[in-house]
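A short worksheet on the structure shown next.
In this note's numbering, the protein residues as written are 50 to 705.
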């Protein structure tokens with residue numbers, strides 16, 4: 050290859066062995082993903098309960114069942130959860146074994162990114178890119194959870210590798226392989242994987258311009274067919290199975306996994322309007338620090354991901370990434386190398402595609418979704434930093450360019466810090482900033498002094514002193530989910546958490562969790578005492594209420610309305626038949642819900658039937674909470690606010 054690949058000017062790792070550098074980066078990535086992993090418990094209990102259920106039944110495994118009774122499925126495709134089941138089988142079911150596959154996938158993603166960048170640009174950009182991804186807050190946060198983004202990112206990197214080879218070699222088989230891998234990604238997180246498919250197709254289309262048009266069209270059509278077959282294979286198999294022989298398709302209105310893929314996890318993501326998020330509280334004392342925004346409901350638009358809330362997860366080094374973006378494009382034009390053109394097209398396409406999706410998606414967009422931007426952002430940061438180092442060492446520019454880039458990035462990081470409401474004085478972030486700025490100032494002074502000397506190549510150390518401090522805050526943000534347990538269901542890195550400590554360590558949270566545990570234990574003790582041969586130990590409104598009961602007992606707990614409580618899974622007539630057949634005795638109405646109003650409407654008929662045909666169980670028998678007469682609603686804390694839900698009441702359906 051010509052150009053950068055042959056010149057070696059910014060491809061080598063001066064003074065260090067390439068394998069040693071890679072090993073150190075992978076060790077760092079593993080440490081940040083595995084250290085104190087057990088503190089995160091089961092992660093999102095909804096998924097963990099499904100893993101437990103699938104680990105005990107091949108039928109549940111095949112159909113991605115949420116509960117041991119196989120009543121309703123999880124509202125995600127199965128591939129990532131199947132790996133969690135495998136881990137649970139190998140190491141025993143525990144929180145650690147459920148979280149382990151994601152941590153391993155995160156480390157493998159760092160290694161895969163290194164390999165991809167190295168084959169196009171060399172060891173130095175590869176090492177810097179891998180280092181950025183290893184310490185990226187969003188990447189570390191999701192890799193320490195049981196969400197599916199970690200495996201999705203690894204699968205997409207595999208698709209990018211196959212797609213690059215297809216375009217470089219103009220080989221249709223590699224194109225089909227790339228599309229098949231994207232199809233596997235669809236079975237990790239459905240439509241979220243498909244954004245890369247047009248990038249693969251376009252890269253191959255432009256690379257194969259010398260082939261006859263009919264052959265190119267035939268290859269593209271075949272690749273599309275491969276993608277569709279692999280992507281929809283499990284969903285079609287699910288839907289073709291008689292409904293009586295499988296769980297209900299969770300989060301759908303018509304019991305169809307294709308509906309879940311195309312509507313709930315597809316078009317509905319774009320046709321729900323996002324509401325502006327409340328402004329963060331003003332900075333103040335550590336006790337008054339704002340909590341992280343777990344769900345971004347800001348107005349749609351390109352600027353959404355530039356807001357401090359989102360940028361704090363992935364964008365601390367965006368100014369360097371912009372330089373790398375330009376460097377990738379300029380290098381491809383200057384060297385006129387097929388490999389450089391293809392690499393630039395893939396990384397630019399990945400970044401622009403997913404940036405657009407996250408910017409214009411409506412409804413609830415969880416903040417951790419930005420982890421999907423990690424690989425291309427890391428690549429462009431690596432290219433930008435390496436390009437600046439090359440210009441410095443070659444003497445083509447004095448230290449002004451490198452110093453200006455560092456100052457601009459520092460100002461951008463200050464915007465992120467201030468925008469997230471961090472305190473201004475007497476806190477560790479300020480101390481770290483002081484040290485980082487001091488080192489950077491020394492490096493800039495050294496740069497300017499060294500630039501007056503004629504010796505070539507110029508020393509690397511002053512440039513390293515300028516760039517290295519820029520990693521301080523993203524690394525600190527990443528450590529916030531390592532040192533302190535985050536919200537394990539919606540993991541968000543947050544420097545402020547290092548100052549607040551664990552959210553569940555304050556007396557009110559401890560007391561609230563104690564009462565919650567005591568209530569659960571009292572309820573389960575009562576249910577076990579009254580359980581005979583019924584299929585289900587209890588029916589509850591939604592999967593969020595059911596999950597901790599399943600994890601505590603391994604017993605079948607029915608989530609009558611699926612995940613949110615608004616799925617039309619159960620009718621009063623079916624409930625009556627289940628009661629008559631001895632499959633169900635106890636029904637719990639009310640309690641926590643992520644969508645109280647939707648649940649109330651969807652389960653209204655069920656509730657009326659239960660109240661008419663069941664006997665209320667005296668609360669003192671199954672709950673430790675005192676009940677106020679006449680109260681039918683309760684206000685409970687949820688994330689950063691309060692919600693009103695129907696007060697819990699247990700009913701006994703046994704005939705007297």
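Glycine is no exception: its CB is placed at the ideal position from the N, C-alpha and C atoms.
Exposure label - residue 547; buried when at least 16 CB within 10 Å: buried
Cβ contact (3+ pairs, closer than 8 Å) linking the segment 81–96 and the segment 270–286: no
Beta-bridge pairing of residue 698 - partner residues as DSSP gives them: 638
Rounded separation between residue 519 and residue 267 - CA only: Answer to the nearest angstrom: the Cα atoms are 48 Å apart.
Span of the alpha helix (DSSP H), counted from its first residue to its last, around residue 81: 67–83
Rounded separation between residue 774 and residue 434 - CA only: Because the chain here runs from 50 to 705, residue 774 falls outside it and cannot be looked at.
For residue 267, three-class secondary structure by DSSP: Residue 267: helix per DSSP, three-state reduction.
Buried or exposed by the 16-neighbour rule on C-beta atoms within 10 Å, applied to residue 389: buried
Whether residue 450 touches residue 440 by CB criterion (7 Å): yes
Three or more C-beta pairs below 8 Å linking the segment 67–83 and the segment 189–205: Touching, yes.
Selection from 596, 222, 486 and 90 that minimises the alpha carbon distance to residue 463: 486
Helix, strand or coil at residue 604 [DSSP, three-state]: Coil at residue 604, not helix or strand.
Exposure of residue 125, with buried meaning 16 or more beta-carbon neighbours within 10 Å: buried
Test item: CB-CB of residue 118 and residue 645 under 7 Å: no
Same chain only: Cβ atoms within 7 Å of residue 594, ignoring 5 sequence neighbours per side: 640 and 641
Where residue 174 falls, given that 16 or more other Cβ within 10 Å makes a residue buried: buried
Cβ-Cβ separation, residue 200 to residue 154 (assumed contact under 8 Å), whole Å: 5 Å
Presumed contact (8 Å Cβ cut-off) between residue 592 and residue 608, rounded CB distance: 4 Å
Residues bridged to residue 122 (per DSSP): According to DSSP, which records beta bridges pairwise, residue 122 is partnered with 114.
One or two residues paired with residue 625 in a DSSP bridge: DSSP output for residue 625 lists no bridge partner at all.
From 131, 298, 490 and 396, residue whose alpha carbon lies closest to that of residue 205: 396
Segment contact flag, the segment 294–308 with the segment 104–121, C-beta cutoff 8 Å, min 3 pairs: Cβ pair count under 8 Å is three or more, so yes.
The segment 121–139 contacting the segment 564–578, beta-carbon criterion three pairs below 8 Å: no
Per DSSP, cross-strand counterpart(s) of residue 665: 700
When 367, 147 and 260 are compared against residue 133, the one with the closest alpha-carbon: 147
Coil, strand or helix - residue 215 by DSSP: helix
Buried versus exposed call for residue 368 [16 or more other C-beta atoms within 10 Å across all chains shown]: Residue 368 is buried by the Cβ-count criterion.
Beta-carbon proximity list for residue 246, same chain, < 8 Å, skipping 5 on both sides: 228, 231 and 276.
Three or more C-beta pairs below 8 Å linking the segment 630–637 and the segment 135–152: no
Limits of the unbroken beta strand (DSSP E) element including residue 588: 587–589
Inter-residue spacing [alpha-carbon to alpha-carbon] between residue 222 and residue 176: 30 Å
Inter-stretch contact (C-beta, 8 Å, three-pair minimum) for the segment 507–516 and the segment 526–536: no
Residue 455: first and last residue of the uninterrupted alpha helix (DSSP H) it sits in: Per DSSP, the continuous alpha helix (DSSP H) segment holding residue 455 begins and ends at 449–468.
Runs of alpha helix (DSSP H) wholly within the segment 191–247 (minimum 4 residues, chain order): As far as the segment 191–247 is concerned, its whole alpha helix (DSSP H) runs of at least 4 residues are 198–218 and 221–238.
For residue 633: DSSP bridge partner residues: 585
Rounded distance between the beta-carbons of residue 649 and residue 695, thought under 8 Å: 7 Å
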